[in-house]
Structure formats: structure tokens, C-alpha cells
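First the structure, in the form of C-alpha cells, and then the observations on it.
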Amino acid sequence: MSDTHAQTVPYVRETMLPQQEPPSSQVGAVKWMRENLFNGAISTVLTLLSLAAILFFGYELLPWLANSVWNASSLSECRQILDGATGACWAVIRVNWLQLMFGFYPPELYWRPILAFVMLAVAVAPVLFPSAPRQLLGFSVVYPFIAVWLLWGGPIWGVTVAAMGFVLGYVALRALTSRGLLIQTIAAVAVALIWWLFLAGPVADVLSSALPLAIEPVPSREFGGFMISVVIGVAGIALSLPLGILFALGRQSTMPIIKWISVTFIEFIRGVPLITLLFTASLLLNYFLPPGTNFDLILRVIIMVTLFATAYMAEVIRGGLAALPRGQYEAADALGLDYWKAQRLIIMPQALKISIPGIVNTFIGLFKDTTLVVFIGILDPIGRASAIRATSDWQGVYWELFIFIGAVFWVFCFGMSRYSMHLERRLKTDHR
Amino acid sequence: METMDNAAIDRSHMQVSDEVAIQITNMNKWYGQFHVLRDINLTVNRGERIVIAGPSGSGKSTMIRCINRLEEHQQGQIIVDGTELSSDLKNIDKVRSEVGMVFQHFNLFPHLTILENCTLAPIWVRKIPKKEAEATAMHFLEKVKIPEQANKYPGQLSGGQQQRVAIARSLCMRPRIMLFDEPTSALDPEMIKEVLDTMIQLAEEGMTMLCVTHEMGFAQAVANRVIFMDQGQIVEQNEPKEFFNNPQSERTKLFLSQILGH
Numbered sequence: 001m002s003d004t005h006a007q008t009v010p011y012v013r014e015t016m017l018p019q020q021e022p023p024s025s026q027v028g029a030v031k032w033m034r035e036n037l038f039n040g041a042i043s044t045v046l047t048l049l050s051l052a053a054i055l056f057f058g059y060e061l062l063p064w065l066a067n068s069v070w071n072a073s074s075l076s077e078c079r080q081i082l083d084g085a086t087g088a089c090w091a092v093i094r095v096n097w098l099q100l101m102f103g104f105y106p107p108e109l110y111w112r113p114i115l116a117f118v119m120l121a122v123a124v125a126p127v128l129f130p131s132a133p134r135q136l137l138g139f140s141v142v143y144p145f146i147a148v149w150l151l152w153g154g155p156i157w158g159v160t161v162a163a164m165g166f167v168l169g170y171v172a173l174r175a176l177t178s179r180g181l182l183i184q185t186i187a188a189v190a191v192a193l194i195w196w197l198f199l200a201g202p203v204a205d206v207l208s209s210a211l212p213l214a215i216e217p218v219p220s221r222e223f224g225g226f227m228i229s230v231v232i233g234v235a236g237i238a239l240s241l242p243l244g245i246l247f248a249l250g251r252q253s254t255m256p257i258i259k260w261i262s263v264t265f266i267e268f269i270r271g272v273p274l275i276t277l278l279f280t281a282s283l284l285l286n287y288f289l290p291p292g293t294n295f296d297l298i299l300r301v302i303i304m305v306t307l308f309a310t311a312y313m314a315e316v317i318r319g320g321l322a323a324l325p326r327g328q329y330e331a332a333d334a335l336g337l338d339y340w341k342a343q344r345l346i347i348m349p350q351a352l353k354i355s356i357p358g359i360v361n362t363f364i365g366l367f368k369d370t371t372l373v374v375f376i377g378i379l380d381p382i383g384r385a386s387a388i389r390a391t392s393d394w395q396g397v398y399w400e401l402f403i404f405i406g407a408v409f410w411v412f413c414f415g416m417s418r419y420s421m422h423l424e425r426r427l428k429t430d431h432r
Numbered sequence: 433m434e435t436m437d438n439a440a441i442d443r444s445h446m447q448v449s450d451e452v453a454i455q456i457t458n459m460n461k462w463y464g465q466f467h468v469l470r471d472i473n474l475t476v477n478r479g480e481r482i483v484i485a486g487p488s489g490s491g492k493s494t495m496i497r498c499i500n501r502l503e504e505h506q507q508g509q510i511i512v513d514g515t516e517l518s519s520d521l522k523n524i525d526k527v528r529s530e531v532g533m534v535f536q537h538f539n540l541f542p543h544l545t546i547l548e549n550c551t552l553a554p555i556w557v558r559k560i561p562k563k564e565a566e567a568t569a570m571h572f573l574e575k576v577k578i579p580e581q582a583n584k585y586p587g588q589l590s591g592g593q594q595q596r597v598a599i600a601r602s603l604c605m606r607p608r609i610m611l612f613d614e615p616t617s618a619l620d621p622e623m624i625k626e627v628l629d630t631m632i633q634l635a636e637e638g639m640t641m642l643c644v645t646h647e648m649g650f651a652q653a654v655a656n657r658v659i660f661m662d663q664g665q666i667v668e669q670n671e672p673k674e675f676f677n678n679p680q681s682e683r684t685k686l687f688l689s690q691i692l693g694h
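Chains as they are written, first to last, in this note's numbering: chain P, 1 to 432; chain V, 433 to 694.
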């Protein structure tokens, strides 16, 4: 290059060099293995050790899985079939799987929970996926009442009058639009409460006697298995998110009473183990309620699980709120949006998006915590499994039952996790 | 005041009326014990363009943020477009929907497209039908020269483009007054011009503008009046020519020598 007289002659490139392929050692599987598996001595040793571990577990586990027995009526029959060889006895799932799914729900009525879960898929579709038809949202609103009626049965008027309470509250809210938000809210809550506490019962009785439209009732004690996990889990998830948003906003409120109610609630519930709340629900609550009130156990459990998740949810969402720059609030204010519009259109869409990992974390935690209801005598899958193992046929079965239950829970939780990642990608608009 | 308005009319075709747009009387504000704004008196006529200058921490931003009550004043009176700002939420919302504001950091809504940023407030505050709001938004996006970005998200735009969107977003509310809080301070030098051009265009159309800025060239080009603030007080105000050529107070002289010195 010395003959170009770098100091004196200007250099001008007139044609650009063509793009070239990277060297072959820098692409494909070879590069990947070199970088990830054999990147230095320690890496190579760790790779070989991992390989050895995988082979060892494969060697131990594969025969157990390969020799699986699916057809047997008891553990001893399983052992006879295996004849001394090691093998899994999945027959225990095959024989008992209806119980694991539905508990003691009357078998001739299995169609009702199945129908309820199919409808659940339809009801959540418009909430989860924007491509689902919007008209389905109306169905999502009435679904909870349909599901309760299908699962518990009885006259249709019970859930109808319960739904009426919401309608009346909404009517009160609309009617008092001119009176300001505070009076509207108080009136709506008061109207709904008065309806539920004093009028709903008699009205339902009158309607039932006038027009007995009923399906066979199923009491809560016959619920069990995964059905109960899903019922408690879905109800808790659906209720704890909106309540959590309200408490997160309440905690940030400038109104001292609302702020202190929120802080007290969150700190109290978060500071107490769920199991104590469940015992409170199952044992203590009856002492505080007026004598003679029959407050369904599953409903009590749902309330407690919801309150528990709500406290966590509120803190997760508060984290999202805190992560939003002040400028977003100011821009919303400067455009003349009032508090609720700013929350709904500007603040919450962003705060919830930031909080998605934490929210889903709470959902997954809630769903798995539903197994704790076994301690208050509800036969969820764990409870059913213990009952199955207590029978003379299946005494001594451990792994198969718990692997099955774990796998089912894992599928649910992994599904939630995948959905949340999909949602994060879909809502990613910041292009960072 | 009268002579100054006349001077402005002489200088250009920009009209200033006698109608009062903003009236601030004996306004005081504290942050805790700290007295940030001291005895502010300011009258802004409709169509006037005011540039507010001063060292950082002098209370410039705080003052214009009081005008749409992003900050609360504790003493005195602020009347915007005939509405007095008090704790009455209805009045505050009324003033805010009449007064546009452009921020240093744009504060666009990152989860909404450019078009949605511009139509959100007209649809939800002014209750304008969506189609009409979109037409208005496109009109103003064309005016700030970025209609082709309408369906992108703020994160995909450069700083200068984002700030022009922020101006368009404010204009979509058809404000009678525009507040600019250091609109070019967060921009690269090459993008400052495109934003200032948009603001000059707005000034030429007779918008009432209050602008906190360090762009003294902009002040000389479009302002009727330059206000110099220091330590929470208005130290000096004058028409731009006099302000720059013949500053009266020592503080102003010092400030100008520092800002124009290099």
C-alpha cells in the first residue's frame, strides 16, 4: 500500500465489495457444538458428565416405562404380570381415572362438567385471542352462571337471581351517572347487596314454585378430582385479576381511607399462609355467620383462594404501575382524560403488559395451591390419590399416581406459560 | 404591553388580539418548604407567542405545568380561557382539553400506533366519531409531514418524528393554547430543526403559544415576548429584540452571555 502515497493521494472506492459467505467453521452444527458443548476443557468435561448422567437415567428409567402394565385390577395383579421385572403399573390410572377427574360426581351426570369445560373453552376464547369473534364476549359474561348451574344443578332460578344482583347494580350505576362516581359506586354495591341478602332468596323460591325448571342437584361434597382443581383455579384466576387491579390502584390512591384499606388488606393476606385461610374458610367462618346460613364450602374456598391471589396480584400490578414513566400519566392528564379513562386506555394496558410474567406466575401458583384444599377434606387429585392408595387393591402404588397428577398439572401450567409468552410477543410494540 | 403587541404586529403578519387567554395573578407554589414559584404575574393575550428562558431549576417548566394543572399552585389565581383553576376536577378537565401540551420526552403512548395516539383523546374526551377523528388526525399528521408513519408505533420513529407526532396529537384536540416544555431538549441537533419548523408554522397560524426553550434563535424568530425567570421569579420580560440586545438586569446579562457566548 505504500505506493498509494497515503498522505498525498486521496482514496476513493468506486465499486463496493460483494457480500461473502462466512467461513464454514462459523456456521451450522459444527459451530454450535464447538461453542456450546466443547468450548474449552471445563465445558468438555461437563458435556461428557451430562451425557453420562442422561445415559444412566435412561438406563434406569426406560425398562420401567417399557414394561408398563396397563391392564390390571390391582397392584398384585400388576406384579404377577411383571413377574419380578421392573415396570410401571399405569393400570392404577386406567382403573381410577374417572375418579381422579370427577371425584364422586354422579357418573350418569358426567356430561354436565364436561359440557361446562367445553363451554369454558368457548368463553375464554374471545378473552385470550383477538382473532376469536367479538360477539362471544357476551357469552363469556353469562358463562360463569351457566357453569355454576351445570356443575351444581338445582333450579335455574338460583343463578338467575344471583346474576340479577349484578344487573340491578349496573342499572343503579347507570341511573345515577349525574351524581358522580363515588355515589354511583356506593349505590350500585348497596343495591346489589340488598338484593342478594334479602330479596334474592324469596324471589328464587317463588320462581321455583311457579316454574320448576331444574336439573338434578349435586352437593359440593361429591365434587372432586381435577374438576375441583379447575373450578377453584379458574374462578380464582378470573376473579383475582380484576380485584388485584383495584387493590393495586387503591394502594396508590391519594385518598387516605382507600389507601389504608388496600394496604391493610394486602399486607394482612400476604402475611398469612393460605392453609390458615382455608382452615378459616372451612371451620371458623361458620362461627361468624348467622346460624342457619348454609354457605357452600367450595364457594368459601374459592373466596379465600381468590383473596389470597388478589393480594399477590395487587403487588405484581403495582410493580407494573411503578415501572411506567411519570410522563405517561402526565400525557394522559394533559389530553384531558379523566382518571378511569386514563387507567383503562393508557396506564393499565402498559402496566399489565409489563406485569405479564408476574401475573402468570401468580396464576400458576394459585392453580397449584388448589391442591392444598386436601387439608380441609376436599378430595382434589391429591386427596383422591391418597384414597386410592388406601384401598387394599392399590396399596403400595406411589410413583404412577403422582407422576400422572404432576403431568396433568404441568400441562396446565406449561400451557399458561406458553400463552403468556405468546401474549408478550403479541403486545410487543416498543421495538427496543 | 400595548406597545409590545403593536411591535409584534409590525414585525410580521402574526396577529395578537386584546382578548386575554391566560391570566396569572400573584401565583405562588411550594414543594414542601421550598418556594419554587414566587409571586408570578403574567397575562397572555390570544395569539401571543411567549418564550420562557432561564437557568435550570428556575421554575420555568413548573410555571407552564401550573397552567394545565399538572402542578398545583398553592396561592394566587390562574385563569385559563375564562376558567379558573382550582381543585374542581370539572374545571381542570375543561382547561386540559383546551390546552395542548408538548413534553421534553414526547410522552407518546408506546402501546398505540401513531394514528391511535392522535385519535384517542378526541374520541374519548371530545366524543368525536372514530372516522372523523381519524380524518382530523391524518390532517395534522400531514401538517407535521409524517402521514406515512400513521400505522407505525412510536418506538419505530426517530426522536424528531416522535416530537412532531406529539405536536400533532395535541393539535387533534383543537386546542386554543399550546404549551411547549423544552420540546427540543431531548433531540439530536439535526432533528431540532424539523421540530422548530413545525412550531414556527404553528406560530404563523396564530396559535397562542408558551414555550420553555433554550433555542434563542426560535425566540428571536417567532416570539412576541421573552420572559426570563430565575429562582422562581420573573426577572425580566421584553420583546425579543430588546431582550437580546439590551438586557436590563444583571442576571439576564449573565444568562445571555453564557447561553450565547459559545
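Glycine is no exception: its CB is placed at the ideal position from the N, C-alpha and C atoms.
query	result
Return the chain-ordered list of same chain residues with a C-beta closer than 7 Å to the C-beta of residue 692 of chain V, the five sequence neighbours on each side being excluded.	648
Check for me: the alpha helix (DSSP H) holding residue 498 of chain V runs from which residue to which?	492 to 499
Is residue 330 of chain P close to chain V? Criterion is C-beta to C-beta, closer than 8 Å.	yes
Tell me residue 155 of chain P's beta-bridge partners as DSSP assigns them.	P:214
Would you say residue 346 of chain P reaches chain V, if we count a Cβ-Cβ gap shorter than 8 Å as a contact?	yes
Taking residue 376 of chain P as the reference, which of P:68, P:300, P:388 has the closest Cα?	P:300
For a test of your reading of the model: does the CB of residue 452 of chain V fall under 7 Å from any non-hydrogen atom of the ligand NAD? Yes or no.	This structure simply doesn't include the ligand NAD, nor any ligand for that matter.
Please name the residue or residues paired with residue 467 of chain V in a DSSP beta bridge.	V:462
Mind listing, in chain order, the continuous beta strand (DSSP E) runs of no fewer than 3 residues lying wholly within the region 482 to 547 of chain V?	507 to 512, 531 to 534
Counting only beta-carbon separations shorter than 8 Å, does residue 416 of chain P have a partner in chain V?	no
Cutting at 8 Å between CB atoms, please list the residues of its own chain near residue 604 of chain V, excluding the five before and the five after it.	550, 551, 553, 554, 565, 568, 569, 572
Using 8 Å as the Cβ pair cut-off and three pairs as the minimum, do the region 217 to 235 of chain P and the region 371 to 388 of chain P touch?	yes
Whose Cβ in chain V lies nearer than 7 Å to the Cβ of residue 327 of chain P?	535, 537, 539
Please classify residue 132 of chain P: does DSSP put it in a helix, a strand, or coil?	coil
Contact defined as beta carbons within less than 8 Å: I believe residue 139 of chain P pairs with residue 167 of chain P. What is the distance between those atoms, to the nearest angstrom?	That belief does not hold up - the Cβ atoms of residue 139 of chain P and residue 167 of chain P are roughly 16 Å apart, past 8 Å.
Give the interface partners of residue 500 of chain V over in chain P, defined as CB-CB distance under 7 Å, in chain order.	334
DSSP state of residue 612 of chain V, grouped into three classes?	strand
Out of V:467, V:479, V:613, which one is the CA nearest neighbour of residue 500 of chain V?	V:613
Strictly under 8 Å for the Cβ-Cβ distance: is residue 337 of chain P near chain V by that measure?	yes
Should residue 531 of chain V and residue 482 of chain V be called a contact, given that it needs their Cβ atoms to be closer than 8 Å?	no
Step through the CB atoms of chain P and report whether any lies within less than 8 Å of the CB of residue 579 of chain V.	no
Tell me the DSSP secondary structure of residue 335 of chain P in three-state form.	coil
Tell me whether residue 61 of chain P is buried or exposed, calling it buried when 16 or more other Cβ atoms sit within 10 Å of its Cβ.	exposed
Run through DSSP, which three-state label would residue 433 of chain P get?	The shown model of chain P, from 1 to 432, leaves out residue 433 of chain P, and the question about it has no answer.
If you measure beta-carbon to beta-carbon, which residues of the region 585 to 600 of chain V are closer than 9 Å to chain P?	585, 586, 587, 588, 598
For the putative contact between residue 333 of chain P and residue 502 of chain V, defined by C-beta atoms under 8 Å, what is the C-beta separation to the nearest angstrom?	6 Å
With 8 Å as the C-beta to C-beta threshold (strictly closer), list the residues of the region 343 to 369 of chain P near chain V in chain order.	345, 346, 349, 350, 353
Quick check: what's the CA-CA separation for residue 479 of chain V versus residue 236 of chain P?	57 Å
Whole angstroms is fine: what's the gap from residue 263 of chain P's alpha carbon to residue 251 of chain P's?	6 Å
Could you give the distance in angstroms between the alpha-carbon of residue 328 of chain P and the alpha-carbon of residue 539 of chain V?	6 Å
Name the one or two DSSP bridge partners that residue 475 of chain V has.	V:455
Would you say residue 161 of chain P and residue 203 of chain P are within 8 Å of each other, going by their C-beta atoms?	yes
Can you name, in chain order, every residue of its own chain whose Cβ lies under 6 Å from the Cβ of residue 169 of chain P, other than the five neighbours on each side?	188, 191, 192
How many angstroms separate the CA atom of residue 450 of chain V from the CA atom of residue 671 of chain V?	17 Å
Determine which residues of the region 614 to 646 of chain V have a Cβ less than 8 Å from any Cβ of chain P, and write them out in chain order.	none
Leaving out five residues before and five after residue 319 of chain P in sequence, what residues of the same chain have Cβ atoms less than 7 Å from its Cβ?	355, 358
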